[in-house]
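The structure appears below as structure tokens.
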Amino acid sequence: MTEQYVPPKIWVNDAEGGNKWANINSPESGARFERELPVGEHAFQLYSLGTPNGQKVTILFEELLAAGIKDAEYDAYLINIGELDQFSSGFVGVNPNSKIPALVDKTGSEPVNVFESASILVHLAEKFDRFLPKSGPERTQTFNWLFWAQGSAPFLGGGFGHFYAYADEKQEYPINRFAMEAKRQLDVLDKQLAANTFVAGEEITIADMAIWPWYGNLVLGNLYDAAEFLQVETYTNVHRWAKQLEQREGFQRGRVVNRSFGEEWEQVPERHNAEDIDKVLKLRP
Ligand SMILES: N[C@@H](CCC(=O)N[C@@H](CS)C(=O)NCC(=O)O)C(=O)O
């Protein structure tokens, strides 16, 4: 049991606390230094990192390209959040919230800044009329599960993942609290996928692309080394769905973009054309 913490009357920024990620945190938003973002030749400029939130968008881009939509070509630049790239004036100019992913869409007369991963998914899905039903109950279902992902995953990542994998000191109370919530969420998803091929019904949608990077990676053993702790194999429907999506070309390609960590064959820090991914996936054993 750690020493009892009594919150002071007024919160103070205790920079001593935390771990190797603590220097990211600050109670203030905004740019910390001047630097422009690089710009490539395609109409879509993505600034991201291959974490689950980043993978959502690169999976959608690669699914669009795999569907033969050539106008979905994009440049993807690495934003290394450990190096504090998200606090450059250029990045903050696109996303005032300083979090990946962020997109600049230059297809119109004026560039459009798009941030928040779900907003980027909707923006691209509407632009290309793919993976988001135009109307009716299927569209509502897609939004239900897309918003479910955005509301739920922070408890998995910022809650469970933070205390189980990243915090220097392992504390029973938060780990118990968030393990319980992570398992409850997996159970919700498992029941939905018992009755449906994909999360929003019988067609793949952007909701699958938002949920797979978190919950698919988790049950496939790719997240936080927590598969055994959470007994993820008991969620058989989530596992079936995760494996099914893992086999798709767009998922295999999208999940490796903007990664500068993991195995050699899953690291494509920058992507400017299909070959950038091809040459790395060739190294896969
Ligand atoms: N709700 C945001 C969350 C994005 C997010 O949390 N990004 C993390 C990486 S996965 C980040 O950029 N963190 C950097 C920081 O907090 O400074 C979204 O869905 O786009």
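Residue numbers for the sequence shown follow the UniProt record's numbering, so the first one is 1 and each next one is one higher. Cβ atoms here follow ideal geometry from the backbone N, Cα and C, with glycine treated the same way. This structure is a prediction, so every number in the text was calculated from the model and none was measured.
Examine ligand 1 and report whether any of its heavy atoms sits within less than 7 Å of the Cβ of residue 53.
-> The answer is yes for residue 53.
Residue 135: buried (16+ other C-beta within 10 angstroms of its C-beta) or exposed?
-> The residue in question, residue 135, is exposed, as its Cβ has fewer than 16 Cβ neighbours within 10 Å.
Just the Cα atoms here: how many angstroms apart are residue 204 and residue 61?
-> Distance between the alpha carbons of residue 204 and residue 61 is about 14 Å.
Less than 7 Å between the CB of residue 49 and some heavy atom of ligand 1, yes or no?
-> Under cutoff, so the answer is yes.
CB contact below 8 Å: residue 124 versus chain C = You won't find chain C in this structure, because it holds only one protein chain.
Quick one: residues in its chain with C-beta nearer than 8 Å to the C-beta of residue 236, no 5 flanking neighbours on either side, listed in chain order?
-> Taking residue 236 as the centre and dropping the five residues before and after it, the same chain places the C-beta of 190 closer than 8 Å to its C-beta, in chain order.
What is the DSSP secondary structure of residue 136, counted as helix, strand or coil?
-> Here DSSP, grouped into helix, strand and coil, assigns residue 136 to helix.
So who's on the other strand from residue 46, going by DSSP bridges?
-> Paired residues: 76, 103.
Same chain, Cβ closer than 7 Å to residue 217, neighbours up to 5 away in sequence not counted = Excluding sequence neighbours, residue 217 sits near 52, 223.
What are the boundary residues of the alpha helix (DSSP H) that residue 112 is part of?
-> Segment 112-115 is the beta strand (DSSP E) holding residue 112; no alpha helix (DSSP H) there.
Thinking just about the alpha-carbon of each residue, which of 274, 231, 242 is nearest to the one in residue 256?
-> When only C-alpha atoms are compared, the closest one is 274.
Close beta carbons around residue 241, own chain, < 6 Å, minus the five adjacent residues each side | Cβ neighbours of residue 241 beyond the five flanking positions: 193.
Which whole runs of the alpha helix (DSSP H) in the UniProt domain "GST C-terminal" (138-271) are 4 residues long or more, in chain order?
-> For the UniProt domain "GST C-terminal" (138-271), whole alpha helix (DSSP H) runs of length 4 or above, ordered along the chain, are 172-195, 206-211, 236-246, 249-254.
CB contact flag (residue 101, residue 81, <8 Å) = Cβ distance not < 8 Å, so residue 101 and residue 81 don't count as in contact.
Under the DSSP definition of a beta bridge, which residues are partnered with residue 33?
-> Residue 33 is bridged to 88.
Check whether residue 84 and residue 175 have beta carbons under 8 Å apart = No Cβ-Cβ contact shorter than 8 Å links residue 84 with residue 175.
Which residue's Cα is closest to the Cα of residue 267: 67, 196, 78, 123?
-> Comparing Cα-Cα distances from residue 267 to each of 67, 196, 78, 123, the minimum goes to 78.
Return yes when at least one heavy atom of ligand 1 lies under 7 Å from the C-beta of residue 86, else no.
-> For residue 86, the Cβ falls inside the 7 Å cut-off from some heavy atom of ligand 1.
Where does residue 131 sit, in a helix, a strand or coil, going by DSSP?
-> Residue 131 falls in the coil class under three-state DSSP.
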